[in-house]
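Residues 1 to 184, numbered by the UniProt record's numbering, are exactly what the sequence shown covers, in order.
Take a look at the structure below.
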Amino acid sequence: MNRFSDEQKAAVEKAGLGALLTLKQIKIQRELRKQIADCFDLETGEFIFCGIRIKITMKEVEHILGLPSQGEEIKEPPKIHVPSLFDKYKCKEGSNITHKTLKDYLMSKETYGDDFIRNFVLYTIGFYLCPTLQPHVKSKYLGLIDNIENIKNLNWTSLMTGLPEPFAAPKRPTITQTTQVEGC
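Spelled out as structure tokens, the structure:
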């Protein structure tokens with residue numbers, strides 16, 4: 001994102017997601033990620049650290065990521081089938097919208113129009129808001145980017161404060177109970 005032109009940065013700002021441009025890259029070791037995931041209680045949607053239950057609220061997500069916490073809440077992605085957008089953003093060799101395809105687009109294009117914003121939002125969903133164990137963004141989120149003018153009116157923190165998908169995914173049998181972070 002540091003390589004974005006001024007026009008691209010302005011387009012992201014106009015879409016209401018400009019705070020994401022100021023995030024610093026951090027690396028979290030695999031073991032720490034596992035320990036954090038193991039502290040997540042699937043039943044309550046809370047993290048448990050040292051016996052203390054922590055529920056991440058929309059205001060906290062707004063404070064951490066700078067995402068808008070006002071506007072239309074996203075309880076779940078709209079059930080809108082948008083095959084034209086899927087065909088446009090999917091990986092050429094496959095049938096998924098991959099993180100790599102989105103990142104390559106964002107890094108190689110100088111455009112800053114609707115396609116740029118849609119790619120940016122899909123990348124944001126797949127990388128920050130609703131990451132999965134798979135290297136792609138689920139197509140169910142295409143309904144959120146269909147109306148480009150509505151992107152700025154959405155409460156993006158509400159998408160993140162539901163049950164995080166990496167923990168909700170049924171393919172992850174290793175996270176079945178709550179454990180404590182070592183050292184607490």
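We put the CB at the ideal spot given by N, CA and C, even for glycine.
As a quick exercise: from T157, S158, R118 and K152, pick the residue whose alpha carbon is nearest that of L142.
R118
Limits of the unbroken alpha helix (DSSP H) element including R30
R30 to D38
A37 versus E13: straight-line alpha-carbon distance, rounded:
32 Å
Euclidean distance between Cα positions of K34 and E73:
For K34 and E73, the distance between alpha carbons rounds to 29 Å.
Can you tell me which of I125, F116, D115 and K24 puts its alpha carbon nearest to the alpha carbon of I64?
K24
Excluding the 5 residues flanking K9 on each side, which residues of the same chain have their C-beta closer than 7 Å to its C-beta?
L21
What whole-angstrom Cβ distance do T67 and T132 have, given they're in contact under 8 Å?
Residue 67 is actually Leu in this sequence, not Thr. Not confirmed; about 19 Å, so no contact.
Buried versus exposed, by CB contacts within 10 Å (16 or more), S5:
It is exposed - the Cβ of S5 has fewer than 16 other Cβ atoms within 10 Å.
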